[in-house]
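>
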Amino acid sequence: MVDVGDDASSLFGRAKVHFHAGRPAEARDLLERAHAAAPADRAVRFALAACQNALGEWADAETHLRLVLDVEPEYHLAWYQLGCSLQGQGRLDEAAAAYRRALKGDSIPDAWNRLRTCEAPHLNTPAPSTGRAPRDVRGADEQQVAQVLVGQAMAPPPSGGTLAQQIDQHGVAEPGHLLPGGRRHLLARHVAPPAVAVTVFFVVVVALGGGPAGYGPLVIALLLLFVAGAWAAVWLQSVRYRYFFYERRMDLHLGALTQRRRAIWYYEITEVRYVQGPVNALTHTASLEIDYKPGDHVLTELLPGLGTPDEVHALYEMLQPPRVRERRSMKGIII
Numbered sequence: 001m002v003d004v005g006d007d008a009s010s011l012f013g014r015a016k017v018h019f020h021a022g023r024p025a026e027a028r029d030l031l032e033r034a035h036a037a038a039p040a041d042r043a044v045r046f047a048l049a050a051c052q053n054a055l056g057e058w059a060d061a062e063t064h065l066r067l068v069l070d071v072e073p074e075y076h077l078a079w080y081q082l083g084c085s086l087q088g089q090g091r092l093d094e095a096a097a098a099y100r101r102a103l104k105g106d107s108i109p110d111a112w113n114r115l116r117t118c119e120a121p122h123l124n125t126p127a128p129s130t131g132r133a134p135r136d137v138r139g140a141d142e143q144q145v146a147q148v149l150v151g152q153a154m155a156p157p158p159s160g161g162t163l164a165q166q167i168d169q170h171g172v173a174e175p176g177h178l179l180p181g182g183r184r185h186l187l188a189r190h191v192a193p194p195a196v197a198v199t200v201f202f203v204v205v206v207a208l209g210g211g212p213a214g215y216g217p218l219v220i221a222l223l224l225l226f227v228a229g230a231w232a233a234v235w236l237q238s239v240r241y242r243y244f245f246y247e248r249r250m251d252l253h254l255g256a257l258t259q260r261r262r263a264i265w266y267y268e269i270t271e272v273r274y275v276q277g278p279v280n281a282l283t284h285t286a287s288l289e290i291d292y293k294p295g296d297h298v299l300t301e302l303l304p305g306l307g308t309p310d311e312v313h314a315l316y317e318m319l320q321p322p323r324v325r326e327r328r329s330m331k332g333i334i335i
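Heads up: the sequence shown begins at 1 in full-length UniProt numbering, then just goes up one per residue.
#1: Going by the CB atoms, is the gap between Ala38 and Ala15 shorter than 7 Å?
#2: Could you check the C-alpha separation between Leu103 and Leu77 for me, to the nearest Å?
#3: Is it a yes or a no for the stretch 197-205 touching the stretch 264-280, going by three-plus beta-carbon pairs under 8 Å?
#4: Within the stretch 186-232, note down every full beta strand (DSSP E) run reaching 3 residues or more, in order along the chain.
#5: By the DSSP assignment, the alpha helix (DSSP H) with Pro24 in it spans what residues?
#6: What first and last residue would you give for the alpha helix (DSSP H) that runs through Ala97?
#7: Measuring CB atoms only, is the stretch 271-288 touching the stretch 246-255, in the sense that at least three cross pairs come out at less than 8 Å?
#8: Output needed for Val191: all residues of its chain with C-beta closer than 6 Å, excluding positions within five of it in sequence on either side, in chain order.
#9: Taking the C-alpha atoms as reference points, what is the distance between Tyr316 and Leu288?
#10: Which stretch, first to last residue, makes up the beta strand (DSSP E) that contains Arg307?
#11: Just curious, the alpha helix (DSSP H) that Arg42 is in, first and last residue?
#12: Look at the alpha carbon of Leu254 and the alpha carbon of Gly305, and state the distance between them as a whole number of angstroms.
#13: Label Thr300 either buried or exposed according to how many other C-beta atoms from any shown protein chain fall within 10 Å of its C-beta, with 16 as the threshold for buried.
#14: Quick one: residues in its chain with C-beta nearer than 6 Å to the C-beta of Ala34, no 5 flanking neighbours on either side, listed in chain order?
#15: Can His185 and Arg242 be called in contact, C-beta distance under 7 Å?
#16: Between Glu26 and His20, is the Cβ-Cβ spacing less than 7 Å?
#17: Excluding sequence positions up to five away, which residues of its chain have a Cβ less than 7 Å from the Cβ of Ser85?
#18: Under DSSP, the alpha helix (DSSP H) around Ala111 begins and ends at which residues?
#19: Measuring alpha carbon to alpha carbon, tell me which of Phe245, Val239, Thr117, Arg116 ends up nearest His177.
#20: Pick from Ala207, Pro217, Gln320, Ala195: whose alpha carbon is nearest that of Gly229?
#21: With DSSP as the reference, identify every bridge partner of Ala286, one or two as the case may be.
#22: Measuring CB to CB, does Val198 end up less than 7 Å from Val227?
#23: Let me check understanding here. Comparing Cα to Cα, which of Gln89, Ala95, Tyr80 lies closest to Gly105?
Structure, rendered in structure tokens:
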């Protein structure tokens, strides 16, 4: 982006202070003066538009955002803010299109929520077209503007600030909302091959033995019980192994008979690997392998049979931005 001049830079810095103090109107006034001093600076224009959105000045924000997008058509945060402006004016179809463009750049949870609102307005309450923004929306916008004011160009962490901020302010940390596509089970077909092999063995043994008459009833009953047990194990594993991907952590329910539960915060993750071994290839599934460091040692957790290769690859990609964002947040880099 174009550098701001000396006067505009000073106003920009003062706007940052007001915004952090919860005074978006004062920040907007300063940014308007900065924009007058440096009209070509797109960072100032974008921050001004975000402040106007936070204050419910939707039409004015739209004008600035469209000028930003004329020069930077792939700037996904500007598309997100434009969606907020259009939604505030009641232009839901246009807002939905803007949110879709924003989500091509990053998986912004608030954009997902707003997109659902625009697509099903009869089931949701749209953002108001006048006045101040709702508190939850206004908080997300303030986070975003604050990052712009400190020179960041990154979507804000969801649900009321970063994980570090939640811990500092409330002493607890919430996992956030369940992400789109974030509820998964172990696919039955991933663990079905042994049961299929047992079934084939039973059929072959019975056939080679001349039919049921070749064996005693007890042997047949035991073989059938073995086959039924194998398929029961497939069903039990597919039901009991459950994975939930939230905004800030994943909750794992592992084990068929004795179940253990594990919560892994994204900031603890050091590496995520997409895995497709021979069993995966045979059953058209894929798995994820996750290295994480909750303390002094790195641990590994395998999440088998999460879905088809495309579905698991989408989960793999989904984990990347939140993981980086939360790790930076815990180091105090963001805000």
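For each residue, glycine too, the CB sits at the ideal point set by N, CA and C.
Inspection of the coordinates gives the following:
#1: Counting from 1 along the sequence shown, the entry for residue 15 is found at position 15. Counting from 1 along the sequence shown, the entry for residue 38 is found at position 38. Ala15 is not a Cβ neighbour of Ala38, given a cutoff of 7 Å.
#2: For the purposes of this step, residue 103 is taken as residue 103 along the sequence shown, with counting starting at 1. For the purposes of this step, residue 77 is taken as residue 77 along the sequence shown, with counting starting at 1. When the Cα atoms are used, Leu103 and Leu77 turn out to be separated by approximately 9 Å.
#3: Too few Cβ pairs lie closer than 8 Å, so no.
#4: If you keep only unbroken beta strand (DSSP E) runs of at least 3 residues inside the stretch 186-232, you get nothing at all.
#5: Position 24 of the sequence shown, counting from 1, holds the residue named residue 24. Run containing Pro24: 24-37, per the alpha helix (DSSP H) assignment.
#6: Locating residue 97 in the sequence shown gives position 97, where the first residue counts as 1. Looking at the DSSP string, the run of the alpha helix (DSSP H) that includes Ala97 is 92-105.
#7: Pairwise C-beta distances place the stretch 271-288 out of contact with the stretch 246-255, as fewer than three of them are shorter than 8 Å.
#8: Here the question's residue 191 lines up with position 191 in the sequence shown. So the list reads Val234, Gln237, once near-sequence residues are dropped.
#9: Translated into the one-based positions of the sequence shown, residue 316 becomes position 316. Translated into the one-based positions of the sequence shown, residue 288 becomes position 288. Note on geometry: alpha-carbon atoms of Tyr316 and Leu288 lie some 7 Å from one another.
#10: The sequence position of residue 307 within the sequence shown is 307, counting from 1. Checking the displayed sequence, the identity of residue 307 turns out to be Gly instead of Arg. Per DSSP, the unbroken beta strand (DSSP E) holding Gly307 starts and ends at 299-307.
#11: Sequence index remark: in the sequence shown, residue 42 carries index 42 (1-based). From DSSP, the alpha helix (DSSP H) with Arg42 extends over 42-54.
#12: For this step, residue 254 is matched to residue 254 along the sequence shown. For this step, residue 305 is matched to residue 305 along the sequence shown. Approximately 13 Å between the Cα atoms of the pair.
#13: Start at 1 with the first residue of the sequence shown, and residue 300 comes out as number 300. Label assigned to Thr300: exposed.
#14: Counting from one through the sequence shown, the residue named residue 34 turns up at place 34. Within its own chain, the residues whose Cβ lies closer than 6 Å to the Cβ of Ala34, once the five positions on either side in sequence are excluded, are Ala8, Leu11, Phe12, Val44, listed in chain order.
#15: Position 185 of the sequence shown, counted from the start, is the residue given in the question as residue 185. Position 242 of the sequence shown, counted from the start, is the residue given in the question as residue 242. Yes, these two residues count as a Cβ contact at 7 Å.
#16: Numbered from 1 along the sequence shown, position 26 holds the residue referred to as residue 26. Numbered from 1 along the sequence shown, position 20 holds the residue referred to as residue 20. No.
#17: If you number the sequence shown from 1, residue 85 lands on position 85. Excluding residues within five positions, the ones whose Cβ falls inside 7 Å are Asn53, Trp58, Ala61, Glu62, Leu65.
#18: Numbered from 1 along the sequence shown, position 111 holds the residue referred to as residue 111. Unbroken alpha helix (DSSP H) run through Ala111: 109-119.
#19: Position 177 of the sequence shown holds residue 177. For His177, the nearest C-alpha among the options comes from Phe245.
#20: Numbered from its first residue, the sequence shown carries residue 229 at position 229. Restricting attention to Ala207, Pro217, Gln320, Ala195, the CA atom closest to the CA of Gly229 is found in Ala195.
#21: Taking the sequence shown and counting its residues from 1, the one referred to as residue 286 is at position 286. Among the bridge pairs identified by DSSP, Ala286 is matched with Gly307.
#22: Along the sequence shown, read from residue 1 onward, the residue named residue 198 stands at position 198. Along the sequence shown, read from residue 1 onward, the residue named residue 227 stands at position 227. Going by C-beta atoms, Val198 is nearer than 7 Å to Val227.
#23: Position 105 of the sequence shown, counting from 1, holds the residue named residue 105. Tyr80 is the residue among Gln89, Ala95, Tyr80 whose C-alpha sits nearest the C-alpha of Gly105.
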